[in-house]
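Remarks on the structure that follows.
Numbering (the numbering used here), first residue to last: 10 to 385.
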């Protein structure tokens, strides 16, 4: 008597039955596209192509890829749809994107692009295939091609043949060479410009410019460069104190020297350098002594007094600034009088020009009136 239990034989038989049915079930439900891809590969091989299935190009999976003896490439997209309906325009556009990428980035000349669908195509999808040069093949057409001995030809001949691709590659190489040479020329020009700036526009490390600001003390005006002034700087005039309105300079002529004046509206200052506009020099006029008073030099050593006739000291220097296209005297440096010197920590002090006005005396000349009071 057997030691097996009655139900064990039944289970083993069921398992054996399941194993025997497995190949049959697999054959009845094949992987989507596998049978159709095999038919298309056999079709390519029958037409003289060396064909493979599921070729990976970049990140694209090509269902069937074939090459003939003339190095012409044929690609096929296989859709074995039965229940989902015919192929739509979206499927066609996706396939065309693969073909376009292969031609323009992989460098292959796709001679034949074929879309095979057992369930057919919508009217718009078939029209799109015709416009894009894709051969649309349904089930009936596939059977005709399999029985026919004619060569597979594309819907229309593409312009991207091997000669065009070679010309395109040659064009790209020439374009890259031109780009490289232009870059070399541009870099060389930049190097030349930088060298010229270093040699002509900048000072060496051991030299320091005397002025770099747009403000300066009048005592340092001789160190100030006047670029474009066709003469020797002499003085500033301040008839509208504290604004400076004229620049006086001396021009050498054939018969001697001539005093000239130019409006400060034609002068600009940048980084400690005064620039004179060239067209302004054509309008320069001879300066008369009456309309250019007082000169800034006339204000030096002048007595500074308050409204109650208290002497504060004498002017030793003036701070001149170029601000917002205007030339102005910003402040006056005053050497304190003997009466104040004993009470001050420093012998000199400054008064803003907005607190000062000018007064002309027939006997002593210009006086400087400070609108302040002494709190000491």
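All C-beta atoms, glycine included, are put in the ideal place defined by N, C-alpha and C.
For residue 51, which residues of its own chain have a beta-carbon under 6 Å away from its beta-carbon, when the five flanking residues on both sides are left out? Once the five neighbours on either side are set aside, residue 51 has no close Cβ partner at all.
For residue 75, count the other beta carbons within 10 Å of its own beta carbon; 16 or more makes it buried, fewer makes it exposed. Which is it? Burial call: buried.
Counting C-beta neighbours from all protein chains within 10 Å, is the total for residue 206 16 or more, i.e. buried, or is it exposed? The residue is exposed, with fewer than 16 neighbouring Cβ atoms inside 10 Å.
Short Cβ contact (8 Å threshold) for residue 340 with residue 360: Yes; because the gap between Cβ atoms is below 8 Å, this pair is in contact.
So what's residue 135 in DSSP terms, helix, strand or just coil? Residue state, collapsed to three classes: helix.
Check each candidate in 236, 216, 243, 238 and name the one with the smallest Cα separation from residue 228. Nearest C-alpha to residue 228: 243.
On a Cα-Cα basis, can you pick out the residue from 263, 267, 261, 246 that is closest to residue 274? Distances from the CA of residue 274 to each of 263, 267, 261, 246 were compared; the closest alpha carbon is that of 246.
Using a Cβ distance threshold of 8 Å, determine whether the segment 80 to 88 contacts the segment 121 to 135, with at least three qualifying pairs required. The segment 80 to 88, when compared against the segment 121 to 135, does touch it at the 8 Å Cβ threshold.
Bridge-paired residues (DSSP) for residue 87: In the DSSP output, where bridge partners are listed per residue, residue 87 has 125.
Using CA coordinates, which residue listed in 69, 214, 252, 138 is at the minimum distance from residue 99? Selected option, being the one with the closest Cα: 138.
Distance, Cα to Cα, residue 63 vs residue 144? C-alpha separation (whole angstroms): 19 Å.
Quick one: what does DSSP say residue 262 is sitting in, helix, strand or coil? Three-state result, residue 262: strand.
Curious, which full-length alpha helix (DSSP H) runs of at least 4 residues does the segment 154 to 215 contain? Correct list: 171 to 209.
Taking three-plus beta-carbon pairs below 8 Å as touching, is the segment 261 to 274 in contact with the segment 310 to 326? No contact exists between the segment 261 to 274 and the segment 310 to 326.
Residue 301 - DSSP class collapsed to helix/strand/coil: If DSSP states are grouped into helix, strand and coil, residue 301 belongs with coil.
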